[in-house]
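Working notes for the structure below.
Protein chains in written order, with this note's numbering: chain V, 47 to 292; chain G, 801 to 1257.
Dropping the structure here:
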């Protein structure tokens, strides 16, 4: 199984440790992983700002880099959803469709494709899960509190395999953190307030770490936590699932 | 309409200046969302009910012309007079003429978001006619000279102490009394006088049944009934999308409406108006005001399925923390943000961006409108039509150039991180909205691509 590793631009630039953890985890689980050099961005920052018509450059690059893989896996629900919903390249629609159908966010790749049932990982801490909206409501990584439907959670399923990890219950289990792409700067006041409120929920319930499947949300929460000089840390789920047993 | 207001982000920033008030507003509406959840869970077939409602409305939107003709025919047969208004101005003119014919200077109106949309009250005031809003929440904001901040809970932004002060000033209740029961009783006394004196009553319409020509108005206070039953003339104003094909479909919509809106099994009153009583006139004003234009926009057509329950507002994390007035539109929140650009794309260009696209609105919507997807699509339309700020457009073009060229991206990233490490003040300053209340991420020396090159191939 040949897996193309998709590392979104801001993870590449600011959170390389998340890329490393993702790669190492996939390799541990027996995947043949290749990171195509030269990848940049999925185009979402422009598209969500109303400039989807400017994303053809990003789309072409994405198809160039990922057309030949059995699966494409990325540690970001939001970027993966953007590709799934919006990747189109005129004259290369077959390749684009292949990618749209074969791209997975890391957690769903582990639960649905690799069907992981146990992990050699240990993380003896209290952890709160931040459900990123695009992963949750867009990709369906977990059941949504608005719907009258059976609960499930792929991220939780995986985190429960980690030795010593204790999940904390939240008052509002799937409220948006307020990152929202360029929303975080154009609607700064509401964005920060939403982030602060999410953090309060985690802190009040005893979380030492906030984890999730989207570094963008975590970056926003981390920015607020650091400004508050809080001891609570953020970690991408890959970093916890890859936390070594010794 | 001239732009005489600030954008959502600025109005929201002002709202956020008082953080404890934001917390109170957020918690109040979240409480309503939780009530809605409990009610939804009490019905095992909830999701099927939503699907049924969505499909019935789909049918209505696809056969709007026929249902309107059918409704008109049956309403006339029932003894009503049917008026057609192409836009807000025509609607207001029709209502004014009816009032002038009756020679009234003061009249009662129950809740109608359509008349808010058409700005009927100020129009009638200009012509010397005073409208008394009889929905308690609407009366409160009317006394405060403010527009409603929520379509179902018009004064949800007001604390009971503020309402006590308003009532003291306008209705003569004792100063400092903020007991909701007492204030409600005072309002009831005050409104009763208005009901008895009013010869004309305006109501909104929740559902208009094509098959029977009847209308259903849902209220918790019975104020629509009080007005309509006591007046000589009942004027019912409705948007043309309020139609449902048959009476039996009410069984779907009435079960959904109040559960979604306030977490009640049903509104206290679901009043059916079919025929005028003897000696009474019943006028129905059917209003388009951009609805047929929206019907023609394939991507946005479904927004006309809306039954005005307000569930999308109660669940919206942005609405809860920015307040209804920050949307500067009669209908606030997520649904307002997809309806308003159809009315005036320039004036409401900011609204589709007042969202994180989290998608909670689409999930609570009882008629399954894809609200967050329409927000995304409006963003594209607004940008293409040229209603985006030049600075933002320039930024996006620059971003596109960098992200489309891997070499440039790599260099820019490396240089950017070096600058952030070496001269943090370049980004950590007041010009950077991120930095105002958040730290920037710590820039690592090595990107993932650099690491991979060294450690894998």
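Even glycine gets a Cβ: it sits at the ideal position worked out from N, Cα and C.
{"Query": "Given 8 Å, three or more beta-carbon pairs between the segment 87-105 of chain V and the segment 1181-1188 of chain G", "Result": "yes"}
{"Query": "For residue 1217 of chain G, the three-state DSSP class (helix, strand or coil)", "Result": "helix"}
{"Query": "Residue 802 of chain G burial status per 10 Å Cβ neighbour count (16 or more: buried)", "Result": "Residue confidence is low: residue 802 of chain G scores 42 on pLDDT, short of 50, so the model does not pin down where it sits. No coordinate-derived value is stated."}
{"Query": "Beta carbon proximity, residue 1152 of chain G to chain V, threshold 9 Å", "Result": "yes"}
{"Query": "Under 9 Å by beta carbon: chain G residues contacting residue 266 of chain V", "Result": "1234, 1238"}
{"Query": "Same chain, Cβ closer than 6 Å to residue 1049 of chain G, neighbours up to 5 away in sequence not counted", "Result": "856"}
{"Query": "Exposure of residue 1208 of chain G, with buried meaning 16 or more beta-carbon neighbours within 10 Å", "Result": "exposed"}
{"Query": "C-beta contact flag for residue 122 of chain V and residue 151 of chain V at 9 Å", "Result": "yes"}
{"Query": "Below-9 Å beta-carbon distance, residue 1078 of chain G vs any chain V residue", "Result": "no"}
{"Query": "Neighbouring residues, chain G, relative to residue 225 of chain V (Cβ below 9 Å)", "Result": "1156"}
{"Query": "Contact set between residue 1209 of chain G and chain V, taken where Cβ atoms lie within less than 8 Å", "Result": "55, 86, 87"}
{"Query": "Below-9 Å beta-carbon distance, residue 1072 of chain G vs any chain V residue", "Result": "no"}
{"Query": "Exposure of residue 817 of chain G, with buried meaning 16 or more beta-carbon neighbours within 10 Å", "Result": "exposed"}
{"Query": "Contacting positions in the segment 191-210 of chain V - beta carbon closer than 9 Å to chain G", "Result": "191, 192, 193, 194, 195"}
{"Query": "Residue 822 of chain G, DSSP secondary structure in three states", "Result": "helix"}
{"Query": "Cα-Cα separation between residue 905 of chain G and residue 945 of chain G, rounded to whole angstroms", "Result": "19 Å"}
{"Query": "Minimum C-alpha distance to residue 853 of chain G - residue among G:987, G:1129, G:910, G:1166", "Result": "G:1166"}
{"Query": "Proximal residues to residue 1046 of chain G (C-beta, below 7 Å), its chain only, five neighbours per side dropped", "Result": "1009, 1011"}
{"Query": "C-beta neighbour in chain G for residue 188 of chain V, strict 9 Å", "Result": "no"}
{"Query": "Residues from the segment 1188-1202 of chain G in contact with chain V, defined by Cβ distance under 9 Å", "Result": "1188, 1192, 1193, 1195, 1196, 1197, 1199, 1200, 1201, 1202"}
{"Query": "Listed by chain order, chain G residues near residue 281 of chain V by CB distance under 9 Å", "Result": "Residues of chain G passing the Cβ test: none, with the nearest at roughly 14 Å."}
{"Query": "Rounded distance between the beta-carbons of residue 125 of chain V and residue 147 of chain V, thought under 8 Å", "Result": "Wrong, their Cβ atoms sit about 16 Å apart, outside the cutoff."}
{"Query": "Alpha helix (DSSP H) segments (min. 4 residues) lying fully within the segment 898-936 of chain G", "Result": "913-917, 920-926"}
{"Query": "Burial state of residue 85 of chain V (16 or more Cβ within 10 Å)", "Result": "buried"}
{"Query": "Contacting residues, own chain, Cβ-Cβ under 8 Å from residue 1170 of chain G (five flanking each side not counted)", "Result": "1102, 1162"}
{"Query": "Through-space distance from residue 113 of chain V to residue 278 of chain V, alpha-carbon basis", "Result": "40 Å"}
{"Query": "Where the segment 90-106 of chain V meets chain G: residues whose CB sits under 9 Å from a CB there", "Result": "91, 92, 93, 94, 95, 96, 97, 98, 99, 100, 101, 102, 103, 104, 106"}
{"Query": "Contacting residues, own chain, Cβ-Cβ under 6 Å from residue 1149 of chain G (five flanking each side not counted)", "Result": "1182, 1187"}
{"Query": "Residue-level contact to chain G via CB, residue 138 of chain V, 9 Å cutoff", "Result": "no"}
{"Query": "Own chain, CB closer than 8 Å to residue 1094 of chain G, minus 5 neighbours either side, in chain order", "Result": "1100, 1101, 1103, 1104, 1139, 1142"}
{"Query": "Cα-Cα separation, residue 75 of chain V to residue 47 of chain V", "Result": "11 Å"}
{"Query": "Distance CB(residue 231 of chain V)-CB(residue 1178 of chain G) smaller than 9 Å", "Result": "no"}
{"Query": "For residue 1219 of chain G and residue 1193 of chain G, the rounded distance between their alpha carbons", "Result": "25 Å"}
{"Query": "Cutoff 9 Å: residue 1118 of chain G Cβ touching any chain V Cβ", "Result": "yes"}
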